[in-house]
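Undergrad: Got a structure for you, questions after.
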């Protein structure tokens, strides 16, 4: 093929160029200068996956102008940092919300407890009302039955009370020999000073009275108008007083009989 081709009448040179005339740019060097290395990308990926700070290229830490790829990495690191900050703020807001919810729950619980307590009290009172009425009726029945039992066994109860009183009185007379003096002082106070008096009493009481007669002023005032008669049947502590106008029975037996009548018919005793 000829080096010249004819187009019309003007000769032109062939457009083909020799390989030595073309300047080739190394593609790998250009890419490496514009984009980060594979190891740096791997480090960034590992940092994001394991929640670690994103590493910067060595040049960006030293301060030179960043290429587009390094700028993207820096922006990614900043975005990651802001995301962590927002995550922390979100956690704080979550904790505050949970605390507030717990507080509201506690307030609602206490309020509900108070309302429930009042409602429970009213419910309990409503349920207890029939039971209380039944118990009240049962108590009334027991009271009526008790009255019937007492009325049916009044005589036995009177005898029992008299037996207990007799036993207590005998014990008191044994421990207090001055009982006859108290009895005489009460009886002689009912008698006029111008009357003659005859006293019937037990041997033990007579001996005790002789030793302490100055302790009874009414007896001293009678002087020789009083006489004594020892009665072997007389129970200690009692006496029988005879005057010109009548007789005063202060024997223990009479006291028992009066007590028995009072216990047998308390209504009559109150009327008397």
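Residue numbers (the working numbering): 1298 to 1569. A virtual CB, placed ideally from N, CA and C, is assigned to each residue, including glycine.
List the DSSP bridge partners of residue 1459.
TA: By 1-based counting over the chain shown, the position of residue 1459 is 162. Looking at the DSSP assignment, residue 1459 forms no beta bridge with any residue, so it has no partner.
Undergrad: When you compare the region 1429-1439 with the region 1515-1532, are there three or more beta-carbon pairs, one atom per stretch, that lie closer than 8 Å?
TA: Segments in contact, no.
Undergrad: Just curious, the alpha helix (DSSP H) that residue 1502 is in, first and last residue?
TA: Against the chain shown, residue 1502 aligns to sequence position 205. Start and end: 1500-1509.
Undergrad: Could you tell me if the beta carbon of residue 1553 falls within a distance shorter than 7 Å of some heavy atom in the ligand MG?
TA: The ligand content of the structure shown is nil, which means the ligand MG is not present either.
Undergrad: Under the DSSP definition of a beta bridge, which residues are partnered with residue 1555?
TA: Locating residue 1555 in the chain shown gives position 258, where the first residue counts as 1. Paired residue(s): none; residue 1555 is not in a bridge.
Undergrad: Give the secondary structure of residue 1475 by DSSP, where H, G and I count as helix, E and B as strand, and everything else as coil.
TA: To locate residue 1475, count along the chain shown from 1; it is residue 178. Coil.
Undergrad: If you pair each beta-carbon of the region 1470-1486 with each one of the region 1452-1460, do three or more pairs fall below 8 Å?
TA: Flag = no, the region 1470-1486 and the region 1452-1460 do not touch.
Undergrad: Considering residue 1519, what are the terminal residues of the alpha helix (DSSP H) in which it resides?
TA: Residue mapping note: residue 1519 aligns to position 222 of the chain shown, counting from 1. Segment 1514-1519, the alpha helix (DSSP H) holding residue 1519.
Undergrad: Who are the Cβ neighbours of residue 1480 in its own chain at under 8 Å, not counting the five residues just before and after it?
TA: To locate residue 1480, count along the chain shown from 1; it is residue 183. Closer than 8 Å at Cβ, skipping near neighbours: 1534, 1535, 1536, 1547.
Undergrad: Under a Cβ-count criterion, where at least 16 other Cβ atoms within 10 Å of its own Cβ denotes burial, should residue 1497 be classed as buried or exposed?
TA: Taking the first residue of the chain shown as position 1, residue 1497 is located at position 200. By the neighbour-count rule (16 or more Cβ atoms within 10 Å), residue 1497 is buried.
Undergrad: On the DSSP bridge list, what partners appear for residue 1424?
TA: Looking up residue 1424 in the chain shown gives position 127. Per DSSP, none; premise fails for residue 1424.
Undergrad: Going straight from the alpha carbon of residue 1444 to that of residue 1553, what length do you get?
TA: For the purposes of this step, residue 1444 is taken as residue 147 along the chain shown, with counting starting at 1. For the purposes of this step, residue 1553 is taken as residue 256 along the chain shown, with counting starting at 1. C-alpha separation (whole angstroms): 25 Å.
Undergrad: Between the Cα of residue 1483 and the Cα atoms of 1513, 1418, 1562, which residue gives the shortest distance?
TA: The residue you call residue 1483 lines up with position 186 of the chain shown. The shortest C-alpha separation from residue 1483 is found at 1513.
Undergrad: Along the chain, where does the beta strand (DSSP E) that runs through residue 1523 open and close?
TA: Here residue 1523 refers to the residue found at position 226 of the chain shown. Residues 1523-1527.
Undergrad: Taking C-alpha atoms, which residue in 1371, 1494, 1532, 1560 lies nearest to residue 1501?
TA: Looking up residue 1501 in the chain shown gives position 204. When each option's Cα is compared against that of residue 1501, the closest is 1532.
Undergrad: Is the beta carbon of residue 1519 sitting closer than 8 Å to the one on residue 1494?
TA: Along the chain shown, read from residue 1 onward, the residue named residue 1519 stands at position 222. Along the chain shown, read from residue 1 onward, the residue named residue 1494 stands at position 197. Yes, they are a contact pair.
Undergrad: Please return the same chain residues whose Cβ sits closer than 7 Å to the Cβ of residue 1511, not counting the five positions on each side in sequence.
TA: Numbered from 1 along the chain shown, position 214 holds the residue referred to as residue 1511. For residue 1511, where only same-chain residues beyond five positions count, the Cβ hits under 7 Å are 1517.
Undergrad: Since residue 1546 is in the beta strand (DSSP E), which residue starts that stretch and which ends it?
TA: As a position in the chain shown, residue 1546 is number 249, starting the count at 1. Counting along the chain, the beta strand (DSSP E) containing residue 1546 begins and ends at 1544-1547.
Undergrad: Measure the C-alpha to C-alpha separation of residue 1468 and residue 1551 and round it to an integer number of angstroms.
TA: Numbered from its first residue, the chain shown carries residue 1468 at position 171. Numbered from its first residue, the chain shown carries residue 1551 at position 254. Their backbone Cα atoms lie some 18 Å apart in a straight line.
Undergrad: What's the call for residue 1523, buried or exposed, on a 16-neighbour Cβ count within 10 Å?
TA: As a working mapping, residue 1523 is identified with position 226 in the chain shown. The residue is buried, with at least 16 neighbouring Cβ atoms inside 10 Å.
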